[in-house]
Each structure stands twice: as C-alpha cells, then as structure tokens.
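> Counting from 13, one number per residue, gives the positions in the sequence shown under the numbering used here.
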Amino acid sequence: MQYIIDHIPENTRCNRRPGTKMVPSSITIHNTGNPTSKARDERGWLTNPTNTRTASWHIVIDEEEAVEAIPLNEIAWHAGNYEGNRTSIGIEVCESGDQEKVWQNVVYLTAKLLFERGWGVEQVKTHQNWSGKYCPRLILPKWDKFLQDVEAELKNLSSDNQSNHASSNSQASSWAISAQKWVMENRISDGTNPKTPATREQIWVMLYNLMGGKEND
Ligand SMILES: [Zn+2]
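1) What I want to know is whether the C-beta of residue 42 ends up closer than 6 Å to one or more non-hydrogen atoms of ligand 3.
2) Report the residue from 211, 185, 69 and 219 whose alpha carbon sits nearest the alpha carbon of residue 200.
3) Roughly how many angstroms lie between the CA atoms of residue 193 and residue 78, to the nearest whole one?
4) Should residue 33 be labelled buried (16 or more other beta-carbon atoms within 10 Å of its own) or exposed?
5) When you compare the CB positions of residue 71 and residue 20, do they come within less than 7 Å of one another, or not?
6) Might you give, ordered along the chain, the residues of its own chain that have their beta carbon closer than 8 Å to the beta carbon of residue 187, omitting 5 neighbours on each side?
7) For the alpha helix (DSSP H) that residue 102 lies in, which residues bound it at each end?
8) Hey, would you say residue 147 sits closer than 7 Å to residue 42, going by beta carbons?
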C-alpha cells in the first residue's frame, strides 16, 4: 500500500485546515458514507470549490493507497465534538473497491500509527464514541474483530522489530521502509545501519542535509 502526502492548503475554504497544532492521543476510524469514492476522490473533494462543508480528516484509505490531507499534528473537523476534533487523528475508510483489501490496509495503517507512537488498541476510537453518529458504518458491526486484527498486526510489528534486532541490523523494519527510502532519496541519510543509535553529530548532519545544507556547498 502506498502512503501519499497531499496536504490541503492552509487557506482551504470553510476553515477545513485551521493549522491549529495538536498533540494527538488517539485515532478515530470513519467510513466515508460514499459507496463509490476512492481515496483520491475524497482528497479532491476537500479542495473542490463546490464543497461548502467545514469537515475534514487526516488520512483517507482505500484498497490501494492512503492519502494524508492534513498533517497529523494539526486539528481536523471529523469527530463531531470538541475533544475528538482536538485530540484525535481521523482516518476515513473508503466504502468502494475490494472491502477485504481495504480492511487489511486500514488494519495495517492503524497498527503502524499505534506502533510508531507506542500506543495500544485502547487508543483506537470510532466516530460514534465521540458524537454518537453511526460511523464507521461498515466497520461498526465488526468492531471487536477490527480491534483484534489491529492488535495482532501490532504484535507482528513489534516482533518484527525485535527479531530484526536479534538477527540482523542491516535491514530496516517493514514499518520503516518508506521512511528509509525517503531519507535516502532526499539525501538526509545514506540509509545504512537502520538499527544503530545516532550520535548528536550524526543528527546534526541529517538535519543540515534536510534543510538543504548539501545543496549550498
Ligand atoms: Zn465519521
């Protein structure tokens, strides 16, 4: 599954991306409510001039890809209540395509987001938990199964990480492969020794490279 970052501009109509910083403490699962739209359609709708609603979300996911529309450290309008909007990462799950694949993708993405933050499945919420709306409408009837699958995937990610530690330091964990590719492509790091700690001076150089230091010399 591809993960694409395609943020909407901060001046998007109807205050859909207010730019207000947040420190998230949970993930909220939604369904789009649209049986035919794909992730890119949903992303397109956020910047469609005919859209007049103050509603937004962080990530939308379909059978093929996930698209991040709002940075995960900014608020979005998806939960229908004050606390949810200001503390939770909103994931919209598409209702189109092969729902088995969509399920696997959202299970994996949710587990990965939890893993990266050191969170557990108790940090996964439904839209219904916040505001009472019957959402995610396709997943709610199987919510316990969803959490079980996320928990199993979370265990996979953890053991994957540990076994890599024990057996080999030369390969990045599955959850870090896209990031490794990104640092290499952007010449921030050469991507080697993914499991060894970095010294302060190595971090300095990575930051320097990130800010374009290399292009200046
Ligand atoms: Zn919802």
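For every residue, glycine included, the Cβ atom is placed at its ideal position computed from N, Cα and C.
Let me lay it out:
1) Absent from the structure shown: ligand 3. Ligands present: ligand 1.
2) 219
3) 17 Å
4) exposed
5) no
6) 124, 127, 128, 169, 172 and 173
7) No alpha helix (DSSP H) contains residue 102, which is instead part of the beta strand (DSSP E) from 100–105.
8) yes
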